[in-house]
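Visitor: Next up is a structure, given as structure tokens.
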Amino acid sequence: MSFEVTLDQYSGPLQLLLDLIEQEKLPITEVSLARVTEDYLKHVNEHDVPAEELADFLVVATKLLLIKSHAILPQLNLDAEEDGAKLADQLRMYKRFVDASAMIEEMFGAGKDMFAREKTSVAKVRQFLPPKNVTPTILRELFQAVQKRLEPFFALRQSSIERVVSIQERMKQLQAAMVDRSKVLFHEMVATGASKVEVVVSFLALLELMKQRVVKAVQGGSFHDILITRSD
Amino acid sequence: MITTSIESILFASAKPVAISVLKKSLNASDEVLLEAIADVKARFNVETSGIHVVEHEGKVQFVTNPSESAVVAALLKEEVSGELSRPSLETLTIIAYRGPITKPEIEQIRGVNCTLILRNLSMRGLVDETDDIERLQPVFTVSADFVRHLGIHSIADLPDYLDLHEDKKITELVDSLSDSMTSSLNDSAL
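Residue numbers (my numbering), protein chains in the order written: chain A, 575 to 806; chain B, 53 to 242.
Next up, the structure:
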């Protein structure tokens with residue numbers, strides 16, 4: 575049975591999932607989630623999901639695939655069981671709010687407004703009314719509170735800036751190395767005793783250079799060393 | 053009589069009056085004050101009274117009887133109701149039952165980013181955004197206007213309110229999902 579609704583009308587991945595399950599008249603369980611996985615993927619594939627919501631649709635798709643693979647290969651002991659239970663729980667919770675929203679919608683349209691007194695429209699005359707307890711100390715404290723609130727934001731940004739800077743440095747180093755030599759091995763590029771982060775940064779730098787078509791990389795097989803050559 | 057003073061203050065004020073303000077100006081204990089407010093509500097919130105009392109987020113206000121909505125709206129020439137899209141309705145429902153609630157928590161329940169919808173609901177005066185000092189991030193509640201629009205005397209009068217508001221399983225699930233996902237954190241850093 576085909577489902578004549580376009581994705582644009584969906585308010586999110588959970589609604590799509592809920593509709594698919596309800597359309598099959600299934601209870602919300604891991605087994606039903608595994609059964610509607612293909613329909614879900616088909617719908618996401620065939621309809622234009624707004625870019626800003628695509629990631630959310632894909633997160634649910636990944637969880638579904640994990641559940642499905644666990645249903646097919648029960649011996650495969652991934653964390654699928656827990657994830658599956660979580661997704662089913664999440665969907666049940668979502669359904670409770672969807673059900674409640676029907677009641678809210680009815681009340682919203684019922685025309686039972688309770689009106690409050692309107693504010694009298696008195697023309698405002700400019701007047702100096704200094705607030706009583708504002709002191710320089712209080713102003714400073716308030717501003718410090720604002721700063722404190724911004725800390726997590728700047729901390730995050732700082733760490734991502736650091737990452738970006740180090741990738742750019744690594745790209746320059748790699749390019750410099752390529753001027754002298756035509757070939758470099760990935761393990762030479764990463765200094766011996768390098769931390770995991772440095773390896774990752776080097777790898778990202780390599781990917782970026784490949785994207786810019788500055789270098790080419792060849793790898794013989796999984797876990798083999800990567801041979802980096804100039805593209806020209 | 054303290055109830056008389058409360059009624060007079062509510063009548064004179066065009067805005068919702070904070071219970072803490074009443075307490076200060078009437079110099080009454082919490083116990084006496086809450087009992088008096090309950091008494092005012094019991095006398096006004098009946099079918100035969102033209103004036104009702106609404107309480108929301110610690111503030112009380114005199115309003116018109118919900119059954120008289122049509123006549124009052126006609127007099128004030130107010131447009132009573134707008135359309136609500138399904139995503140808006142869902143988000144509003146979650147905020148109504150679970151507020152004060154943070155954006156990541158709402159997104160855990162709906163499974164989708166809610167930034168635009170929240171901005172929209174806020175611009176339409178349906179929800180209020182306030183800072184939660186403990187959580188270092190804004191929390192959302194429905195607005196007093198929304199409560200009055202539904203014709204209920206307090207958000208707790210919603211059908212099955214306690215079931216959804218205090219459900220431990222929902223609380224646990226929202227907490228555990230927030231822990232396991234970092235997408236909301238990345239989102240707020242952008």
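Every residue gets a Cβ at the ideal spot worked out from N, C-alpha and C, and that includes glycine.
1) Are the C-beta atoms of B:Gly-163 and some chain A residue less than 7 Å apart?
2) Can you have a look at A:Arg-723 and say buried or exposed, based on whether 16 or more other CB atoms are within 10 angstroms of its CB?
3) In or out: A:Ile-646 buried (at least 16 other Cβ within 10 Å) or exposed?
4) Going by C-alpha distance, which of B:Val-105, B:Pro-68, B:His-104 and B:Ile-58 is nearest A:Lys-693?
5) Opposite B:Pro-190 in the DSSP bridges: which residues?
6) Which residues, in order along the region 187-212 of chain B, keep a beta-carbon less than 9 Å from a beta-carbon of chain A?
7) Taking DSSP as the reference, what is the three-state secondary structure of A:His-644?
8) Provide the residue(s) that pair with A:Lys-790 in DSSP beta bridges, ordered along the chain.
9) With DSSP run on the structure shown, which of helix, strand or coil describes A:Ala-654?
10) Where does A:Ala-751 fall in DSSP's three states?
11) From the beta carbon of A:Pro-705, is the nearest beta carbon of chain B less than 7 Å away?
12) Using a beta-carbon distance below 7 Å, is B:Ala-66 in contact with chain A?
13) Would you mind sorting A:Pro-624 into buried or exposed? The rule is 16 or more other CB atoms within 10 Å of its CB.
14) Is B:Thr-116 close to chain A, meaning its C-beta is less than 7 Å from at least one C-beta of that chain?
15) Span of the alpha helix (DSSP H) holding B:His-108?
16) I want to verify the contact list: residues of chain A whose CB lies under 7 Å from the CB of B:Glu-142, in sequence order.
17) Nearest by alpha-carbon distance to A:Ile-602: which of A:Ser-776, A:Tyr-668, A:Glu-627 and A:Val-699 is it?
18) Could you tell me the alpha carbon to alpha carbon distance between B:His-201 and A:Leu-588, rounded to whole angstroms?
19) Hey, which unbroken runs of the beta strand (DSSP E) at 3 residues or more fall wholly within the region 73-149 of chain B?
20) Can you list, in chain order, the residues of the region 66-90 of chain B whose Cβ is nearer than 7 Å to any Cβ on chain A?
21) Per DSSP, which one or two residues make a beta bridge with B:Ile-169?
22) Could you say which of B:Thr-193, B:Cys-166 and B:Leu-178 lies nearest to B:Asp-184 if we only look at CA atoms?
23) Would B:Val-191 pass as a contact of B:Pro-152 if the rule is Cβ separation under 7 Å?
24) Nearest to A:Lys-785 by CA position, among A:Ser-805, A:Lys-599 and A:Ile-595, is which residue?
25) Distance, Cα to Cα, B:Leu-210 vs B:Ser-77?
26) Output needed in chain order: residues of the region 628-645 of chain A with a Cβ under 9 Å from some Cβ in chain B.
27) By the 10 Å Cβ neighbour count, where 16 or more other Cβ atoms means buried, how is A:Ala-719 classified, buried or exposed?
28) What residues in its chain sit with their C-beta under 6 Å from that of B:Ser-228, if we drop five residues either side in the sequence?
29) Going along chain A in order, which residues have a C-beta closer than 7 Å to the C-beta of B:His-108?
Guide: Here's the rundown:
1) yes
2) exposed
3) exposed
4) B:Pro-68
5) B:Asp-183
6) Leu-188, Gln-189, Ala-196, Asp-197, Phe-198, Val-199, Arg-200, His-201, Leu-202, Gly-203, Ile-204, His-205, Leu-210, Pro-211 and Asp-212
7) helix
8) A:Thr-803
9) The predicted position of A:Ala-654 is uncertain, since its pLDDT is 49 and thus under 50; a value taken from the coordinates is nonetheless stated next. Helix, per DSSP.
10) helix
11) no
12) yes
13) exposed
14) yes
15) Taken as a continuous stretch (DSSP letters only), B:His-108 belongs to no alpha helix (DSSP H), being part of the beta strand (DSSP E) at 103-108.
16) Ser-585, Phe-671, Val-672 and Ser-675
17) A:Tyr-668
18) 29 Å
19) 103-108 and 111-116
20) Ala-66
21) DSSP, once it has assigned bridges, lists no residue as partnering B:Ile-169.
22) B:Thr-193
23) yes
24) A:Ser-805
25) 31 Å
26) Ala-629, Asp-630, Phe-631, Val-633 and Val-634
27) exposed
28) none
29) Within 7 Å Cβ-Cβ: nothing; B:His-108 doesn't reach chain A, min ~11 Å.
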